[in-house]
Each structure stands twice: as structure tokens, then as C-alpha cells.
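Student: Residue numbers (numbering that gives the first Met the number 0): 0 to 140. Backbone N, C-alpha and C fix where the C-beta goes; we use that ideal spot for every residue, glycine too.
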Amino acid sequence: MQDTLLGLWGLFASAFISSTIMPGGSEAVLAYMVTTNLYSIHALLLVATVGNTLGALTTWGLGLLAAKKYPLAGLLSPKKQRALALIEQRGVWVLFFSWLPIIGDVLCFAGGWLKLPFITACLIILLGKFSRYAMIVWLFT
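Next up, the structure:
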């Protein structure tokens, strides 16, 4: 039982870190854990989704803080400026793609910078993260 909880906390940490500005490989961790048949698929999906979503919301919060301290978008790197323009053009639904490697973190940061509605952003990010992890679980079961 204790090993199971430790494994789930490890998955949570991997998912959280993978969704912040630090690189990670939570997909590989999840795929491995699914193949071991030691864990409930539902628990794995829940833990990975929640961890990754909370990491993305941390990045969103960093964008919000950055916008307060540095309100001029001209201070951003070209990659972050493109993300801002994309979200301004397409709207909050772009955050569904926050699961994408590299660009997903930038999209979340830009969402916070633009002060998108938190609850809406949270739900859309959650939906994107869940969809990606559900696909991984499906592929490895």
C-alpha cells in the first residue's frame, strides 16, 4: 500500500514538474505505470491530470505576476510574444493545447499575462491535459 502511494506521488511530482518551466517526461512515467498493472488506471489518470494541470496553473500564475511587474509586452521574448498574439487572436480555447511540449508552457504563461478568466482557463487546461493522458492510458492498456 505504501509503495503504491509513493508511486502515485512520484507520478504527481513528475506530471507537475513536466508542466512548469522545467522539462520532464511524465508521459513515459505514466506509460510505464500503466503497463505494470500495479495501479488503478483511474487513479493514474487522475493523479497525472491533476499534477500536470496544477503545474500549468503555476506557469499561468507566473505569467500573471510577470504582467504586474512588467506590463509592457515588448519585454517578452519573441516566442512569448507569438503566444500572446495567438491567444489574443484565438481566445482562451488555445489553452487546450497546453499539453504540447515547449509551446504549452508558453501558452499558459501568456494566458496568465493576458489575465484570462481563471476558472475558464483552468477548465480548458484540465480538459487538454486529461485528453492527452487518457490517450496515453488507452495506448498502453
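Determine, using beta-carbon pairs with one atom in the segment 114-123 and one in the segment 56-72, whether at least three such pairs fall under 8 Å.
Tutor: The answer is yes - the segment 56-72 touches the segment 114-123, with three or more Cβ pairs under 8 Å.
Student: Since Tyr31 contacts Thr3 with CB under 8 Å, what's their CB separation in whole angstroms?
Tutor: Numbered from 1 along the sequence shown, position 32 holds the residue referred to as residue 31. Numbered from 1 along the sequence shown, position 4 holds the residue referred to as residue 3. Thr3 and Tyr31 do not touch by the CB rule: their CB atoms are close to 14 Å apart, not below 8 Å.
Student: Using CA atoms only, rank isn't needed, just tell me which of Gly90, Leu43 and Gln1 is closest to Lys128.
Tutor: Start at 1 with the first residue of the sequence shown, and residue 128 comes out as number 129. That would be Leu43, whose Cα lies nearest to the Cα of Lys128.
Student: With a CB to CB cut of under 6 Å and the five nearest residues on each side skipped, what residues in its chain are close to Val28?
Tutor: Within the sequence shown, the letter at position 29 stands for residue 28. For Val28, where only same-chain residues beyond five positions count, the Cβ hits under 6 Å are Leu10 and Ser13.
Student: Where does Gly90 land, buried or exposed, given buried means 16+ other C-beta within 10 angstroms?
Tutor: Here the question's residue 90 lines up with position 91 in the sequence shown. With fewer than 16 other Cβ atoms within 10 Å, it is exposed.
Student: Since I believe Phe15 is in contact with Gly60 (beta carbons under 8 Å), could you give me their beta-carbon distance rounded to a whole number of angstroms?
Tutor: Numbered from 1 along the sequence shown, position 61 holds the residue referred to as residue 60. Numbered from 1 along the sequence shown, position 16 holds the residue referred to as residue 15. 13 Å between Cβ atoms; not a contact.
Student: Is Ser18 buried or exposed, if buried means 16 or more other CB atoms sit within 10 Å of its CB?
Tutor: As a working mapping, residue 18 is identified with position 19 in the sequence shown. By the beta-carbon neighbour count (other beta carbons within 10 angstroms, threshold 16), Ser18 is buried.
Student: Just verifying my parser: in three-state terms, what is the DSSP assignment at Ile101?
Tutor: For the purposes of this step, residue 101 is taken as residue 102 along the sequence shown, with counting starting at 1. Note: Ile101 maps to coil in three-state DSSP.
Student: Assuming Ala109 and Leu83 are in contact, meaning their beta carbons sit under 8 Å apart, how far apart are those beta carbons, in whole angstroms?
Tutor: What you label residue 109 is simply residue 110 of the sequence shown in a count that begins at 1. What you label residue 83 is simply residue 84 of the sequence shown in a count that begins at 1. The Cβ separation is near 5 Å, so the contact holds.
Student: Taking the C-alpha atoms as reference points, what is the distance between Phe96 and Ile102?
Tutor: Stepping through the sequence shown from its first residue, residue 96 is reached at position 97. Stepping through the sequence shown from its first residue, residue 102 is reached at position 103. Distance between the alpha carbons of Phe96 and Ile102: 8 Å.
Student: Between the Cα of Ala133 and the Cα atoms of Val33, Trp8, Leu7 and Pro22, which residue gives the shortest distance?
Tutor: Position 134 of the sequence shown, counted from the start, is the residue given in the question as residue 133. For Ala133, the closest alpha carbon among the candidates Val33, Trp8, Leu7 and Pro22 is that of Val33.
Student: Identify whether Leu75 lies in helix, strand or coil by the three-state DSSP scheme.
Tutor: Against the sequence shown, residue 75 aligns to sequence position 76. Correct three-state label for Leu75: coil.
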